[in-house]
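Numbered according to UniProt numbering, the sequence shown spans residues 1 to 241.
Note that the Cβ used here is the ideal one computed from N, Cα and C, for glycine as well.
Taking it in order: structure first as structure tokens, then the write-up.
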Amino acid sequence: MQYAGYYWHLCVSGSVVLRPASGDVRHAADVNPDVVLADLRAVVFDVGETLVDESRAWSEQARAAGVTPFSLMAAIGSVIAQGRDHRDAWALLGIAPPDVAPDIGPGDLYPDALECLRGVRAAGLVVGVAGNQPRGAEAALRAAGVDVDFVVASATWGVAKPSLEFFRHVVTETQTDPSRVLYVGDRLDNDIRPASAAGLRTAWLRRGPWAYLQQPHTDETRPDLELGNLMQLTDVLPRST
1 MQYAGYYWHL CVSGSVVLRP ASGDVRHAAD VNPDVVLADL RAVVFDVGET LVDESRAWSE
61 QARAAGVTPF SLMAAIGSVI AQGRDHRDAW ALLGIAPPDV APDIGPGDLY PDALECLRGV
121 RAAGLVVGVA GNQPRGAEAA LRAAGVDVDF VVASATWGVA KPSLEFFRHV VTETQTDPSR
181 VLYVGDRLDN DIRPASAAGL RTAWLRRGPW AYLQQPHTDE TRPDLELGNL MQLTDVLPRS
241 T
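In structure tokens, the structure reads:
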């Protein structure tokens, strides 16, 4: 089981995340990142597969349901590729989802997560975290070391992505204009497209199963920036003076 989970992330990382050291941040129509990020006031991050590696959580869900993590991950990949909700994976396997609440611990954060958050704050920007998460995720993220201006789970707002209302709440938390907020996420359907429609700037993080299966993006889902890892964002952020 442990090997299966490792193999999945090896596949995803090798194809999507890892880039040559000389690789640059991608951006739409070869726009200079300095222009894309000009007058930025806040950066808000998604949770799953952006800050948090969900391998352990999904492995625990699989074991609780009586299937191998590899089988569950294959089913998730299948429904994602079909444009369906990832929760349809349980029906594909012919089993009910287990009644196990996922938790988040310090070991679940991606290695670049905390360093990136510190870098964004050092740039003099408002830093937030907002994603489709259950109640309790806020406290768990804080306990894991996520030190930002705000952490909000969709369950707290009573509205989830891809609803535009979710992103209006995000903007309210930042106390600035939506055009001065950058939302960072791994999903084109849940993160990039609706955030852009709500007037926010967007950065697509190409890691995790959704990023792997949803590429390449179309003009409809074109992000302002594409990142291979979170540290590429801090590298191009304008520094506070």
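query                                                                                                               : result
Short Cβ contact (8 Å threshold) for PRO238 with ASP34                                                              : yes
C-alpha gap between ASP46 and GLY185, whole angstroms                                                               : 5 Å
Selected residue, minimal CA-CA separation from LEU40, among ALA113, VAL171 and ARG142                              : VAL171
Cutoff 7 Å; reference HIS86; Cβ partners in own chain excluding five residues on either side                        : ILE76, VAL79 and ILE80
Where VAL52 falls, given that 16 or more other Cβ within 10 Å makes a residue buried                                : buried
Nonlocal neighbours in the same chain, by C-beta distance under 6 Å from ALA130, ignoring five residues either side : VAL44, VAL152 and VAL170
The stretch 63-76 in contact with the stretch 117-125 per 3-pair CB rule at 8 Å                                     : no
Endpoints, the alpha helix (DSSP H) within which GLU115 is located                                                  : 113-122
Alpha helix (DSSP H) segments (min. 4 residues) lying fully within the stretch 47-123                               : 55-65, 69-81, 88-93 and 113-122
SER163 versus ASP149, GLY136, ILE192 and TYR110, residue with shortest Cα-Cα distance                               : ILE192
Whole-Å CB distance - LEU200 paired with PRO178, under 8 Å assumed                                                  : 5 Å
Beta-carbon spacing of ALA65, PRO106 below 8 Å                                                                      : no
CA nearest to the CA of ALA144, picked from LEU109, LEU37, ALA122 and GLU173                                        : LEU109
Per DSSP, cross-strand counterpart(s) of VAL152                                                                     : ALA130
Check whether ARG135 and ALA160 have beta carbons under 8 Å apart                                                   : no
Through-space distance from PRO111 to VAL100, alpha-carbon basis                                                    : 26 Å
Where LEU182 falls: helix, strand or coil (DSSP)                                                                    : strand
Separation of LEU93 from residue 279, as counted between CA atoms                                                   : Absent from the structure is residue 279, since the part of the chain shown begins at 1 and ends at 241.
Paired residues, beta bridge with PHE45 - DSSP                                                                      : VAL129 and VAL184
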